[in-house]
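Right, one structure below, let's go through it.
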Amino acid sequence: MSELTLVLIRLAFLAVLWFFVIAAVGVIRTDLFGSRTAPAGPGTGTKPAKPVAKPKSRKGEPRQLIVTGGPLQGTTINLTETPITIGRANDATLVVSDDYASSRHARLFPQDGQWIVEDLGSTNGTYLDRSKVTRPTPVPLGVPIRVGKTVIELRK
Amino acid sequence: MSEVAPAPVPMPAKRRMAQLVMLAFAVLITMGAYANVGLAMDGAIPSGMLTYGLSLGGLMLAAYLVLAKFAPWADPLILPLVTLVNGLGLVMIFRLSETDSDLPSATLASPNTQLLWTLIGIVLFSLTLIFLRDHRALQRLTYTAGAAGLFLLVSPLIPFLGQEINGARIWIGVPGVFSLQPAEFAKLALVVFFAGYLVAKRDVLALAGRRLLFIDLPRARDLGPVLITWGVSLGILVLQKDLGSSLLLFGTFIAMLYIATQRISWVIIGILLFLCGAVLAGMVFSHVQLRGAVYLDPGNPELYNAIGGSEQLMQGLFAMASGGVLGTGLGQGHPELIPLAFSDFIFAATGEELGLTGLMAILMIYALIVQRGLRASLAARDPFTKLLSAGLSFLLAWQIFIIVGGVTNLIPLTGLVTPFMSQGGSALLANWILIALLVRMTDAARRPPPQAIQNEGMTQVFQR
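Going line by line, the protein sequences match chains A and B.
Take the first sequence: its letter number 123 is residue 136 in this note's numbering, and every next letter is one higher.
Take the second sequence: its letter number 346 is residue 338 in this note's numbering, and every next letter is one higher.
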């Protein structure tokens, strides 16, 4: 076995070893940055909302938030560019008095023409339709969001 | 808007395919290393390469199938990563046994025994996954695990059962037939105990106490568990002359205490207790004194020639120095010159042949294994799982730190095995069980939560 071949094998082996490490990191990359399609976290994509910005009347964009279930049933909130917080705290946009809701329970915010719901570490969780919201998730029109006993929907 | 599915909760992918590919990759790297050793030493691919590769590949495939069946949501990376370090260890042991020298490092290296131990390790890994369907069952065994751990620790001291090998009384078994180091298994049992105990007691350990300057001091009576662990660690040190296990146990307990209570004062208390213990032991015991002297001045010729002196450490440092950045290449160095190159010093032996580049890759692989465990701890949904996975990950990381730090003379050398690489059955078996527990917990952490039924008045479905 010539000296040169052995040197080449040695370098190739080290390269392959590192390639393995890099491939392994590639497998867990989604851990660190989330998958590509997932919406970025709050604040990264949303521009600071202009106070008097007119709501853009794009087609299919929700304009109202309606409470369809729970003690506050019938309440409507007009959607602007500002995020909406839901919880028992007094400074929440939608203050629910409900033993099953947390002080800062969930947040809705607009991003790229969609409204995103995000659970703020609530005790009992936020549900979009039937599934628990574990990360910021886009909210389609007319799909119920459940916070404690309160159910809200986005409408045109 | 319309393309958003009605149930958009992102399901964590199972990543089964990625796991299989990485596993095959790890086995191929091992076979490549094996071939490399043969080519460099005999000029031909070793005759056993195919059997060797196939048996390792078959073993890992079996482990993979068990994992896919019994822990389908488990982390996809842990098994391939462990396979690679285990494989590289097997290759290094094979490589040491191939040398023509009569040094004990070459003659005592037995790759076939180690392959057999790997087989048993995989069997235990599989059995753990098959029979432990829910690791939370271990929480009920908190005090049983503690008692079992203590018994395993002291069992080498029992006459007839225990044996003294190489100056450390840490073995049990029948002389000449088989021997095990029960301390390796005791570590696992004790981590289970610490996790269960701390879950029950962490509130009082975290909240009670007074604030003094910048740290929250715990109450004196809450110091009990720390003092008891400290005493046990010192006991191991005194009665069994096993520095490594002593440090490992105490460090793991302090780390878990910190994780459970988030109180920095426990770490400070732990470090102070450790320093007291180390100074006391250094004053009283000659073997601790010798280790300290070797650490401070390994190049001293008197120490070099002393029995149990710095020869081993210096040979390891020489080996790594001769390896340099890129190493001498597998099969082209002289790692057999290091005493115990196949067990305690396998890291230095690997360093000679793969160089700094290879060692860094291996350390990265270990780091990734630990990261997967800590990740499971973050994602876990109950405190016991959080503490147990963090504790086991820390145990692994701490073990690697102690031995690698010792071999590179960063900290005083204490005899511990390099997980999965060193020759020796007990450690390998215990570490495979540890990995099975981690895999079980990543499975629980990544498994999607049970879907709640929305209509009020209906029950929630629990998955056990």
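In this text, a Cβ means the ideal position worked out from N, Cα and C, and glycines have one as well.
Cβ shell of residue i (< 7 Å), same chain only, five flanking positions each side left out
i	result
Glu328 (chain B)	Leu88, Thr91, Ser93, Leu95, Ser97, Ala98
Leu51 (chain B)	Thr110, Leu111, Ile114
Gln391 (chain B)	Leu240, Leu408, Pro411
Pro96 (chain A)	Arg120, Leu121, Phe122
Leu379 (chain B)	Ala187, Leu190, Val191, Met248, Ile251, Ala252
Ala55 (chain B)	Leu71, Ile114, Phe117, Ser118
Leu141 (chain A)	Val130, Thr150, Val152, Val156, Ile158
Leu59 (chain B)	Ala66, Leu71, Leu121, Val431
CB of residue i within 8 Å of CB of residue j, strictly
i	j	result
Ile338 (chain B)	Thr410 (chain B)	yes
Val130 (chain A)	Ile158 (chain A)	yes
Trp31 (chain A)	Pro75 (chain A)	no
Leu15 (chain B)	Leu82 (chain B)	no
Gly165 (chain B)	Gln155 (chain B)	yes
Trp65 (chain B)	Arg438 (chain B)	yes
Val77 (chain B)	Ile330 (chain B)	no
Thr120 (chain B)	Ile361 (chain B)	no
Ala372 (chain B)	Ser381 (chain B)	yes
Phe386 (chain B)	Arg128 (chain B)	no
Ile79 (chain A)	Arg168 (chain A)	yes
Pro68 (chain B)	Arg125 (chain B)	no
Gly161 (chain A)	Val109 (chain A)	yes
Val183 (chain B)	Gly383 (chain B)	yes
Thr406 (chain B)	Gly236 (chain B)	yes
Ala285 (chain B)	Leu272 (chain B)	no
Glu345 (chain B)	Met312 (chain B)	no
Val9 (chain A)	Gly24 (chain B)	There is simply no residue 9 (chain A) to check, as chain A begins at 14 and stops at 169 in what is shown.
Chain-order list of residues whose beta-carbon lies under 8 Å from that of residue i (same chain, five-residue window excluded)
i	result
Gly138 (chain A)	Asp132, Lys145, Val146
Thr22 (chain B)	Gly45, Leu48, Thr75, Leu76, Gly79, Leu80, Leu82, Val83
Leu12 (chain B)	Tyr56
Identified DSSP bridge partners for residue i
i	result
Pro151 (chain A)	A:Ile129
Phe62 (chain B)	Answer is none; Phe62 (chain B) lacks a bridge partner.
Gly100 (chain A)	A:Val108
Gly227 (chain B)	Its beta-bridge partners do not exist; DSSP assigns none.
Gln155 (chain B)	B:Trp163
Ala119 (chain A)	A:Ile99, A:Asp132
Asn423 (chain B)	Note: Asn423 (chain B) sits in no beta bridge, so no partner.
Asn91 (chain A)	A:Gln77
Thr139 (chain A)	A:Val160
6 Å CB neighbourhood of residue i in its chain, flanking five on each side removed
i	result
Leu197 (chain B)	Asp214, Thr253
Asp435 (chain B)	Ala63, Trp65, Ala66
Gly82 (chain A)	Val164
Val431 (chain B)	Ala63, Ala66, Ile70
Gly416 (chain B)	Ser335, Val409
Gly138 (chain B)	Phe185
Ser135 (chain A)	Ser115, His118
8 Å Cβ cut-off: residues of chain B touching residue i
i	result
Phe122 (chain A)	Those within 8 Å of Phe122 (chain A) in chain B number zero; the least Cβ separation is about 16 Å.
Interface partners of residue i on chain A, CB under 8 Å
i	result
Phe17 (chain B)	Phe33, Ala36
Asn457 (chain B)	The shown model of chain B, from -7 to 456, leaves out residue 457 (chain B), and the question about it has no answer.
Arg7 (chain B)	Val40
Leu73 (chain B)	Ala37
Proximal chain A residues relative to residue i, where beta-carbon distance stays under 7 Å
i	result
Ala10 (chain B)	Val40
Thr349 (chain B)	Leu27
Ala518 (chain B)	Residue 518 (chain B) cannot be examined here, being either before or after the span of chain B that is shown, -7 to 456.
Within chain B, the residues that residue i reaches when beta carbons sit closer than 9 Å
i	result
Arg168 (chain A)	In chain order: nothing, as chain B lies at least about 13 Å away.
Ile22 (chain A)	Gly24, Ala27, Asn28, Leu31, Ala32, Gly321, Leu322
Chain-ordered neighbours of residue i on chain A, where CB pairs are closer than 9 Å
i	result
Met14 (chain B)	Phe33, Ala36, Ala37, Val40
Where residue i meets chain B, residues with beta-carbon distance less than 7 Å
i	result
Leu30 (chain A)	Ile21, Gly350, Ala353
Unbroken stretches of the alpha helix (DSSP H), 4 residues or longer, contained in the region 81 to 114 of chain B: Segments of the alpha helix (DSSP H) lying fully in the region 81 to 114 of chain B: 96 to 99.
Length at least 4, wholly inside the region 325 to 408 of chain B: the alpha helix (DSSP H) runs in chain order: As far as the region 325 to 408 of chain B is concerned, its whole alpha helix (DSSP H) runs of at least 4 residues are 338 to 371, 375 to 399.
Could you tell me which uninterrupted alpha helix (DSSP H) segments, each at least 4 residues in length, are contained entirely in the region 2 to 41 of chain B, listed from first to last along the chain? The qualifying runs are 8 to 34.
4-residue-minimum alpha helix (DSSP H) runs that sit fully inside the region 248 to 282 of chain B, ordered along the chain: Here the runs fully enclosed are 256 to 276.
Check distances from the C-beta atoms of the region 349 to 381 of chain B to those of chain D and list, in chain order, the residues that come in under 7 Å. Protein chains in the displayed structure are A and B, and chain D is not among them.
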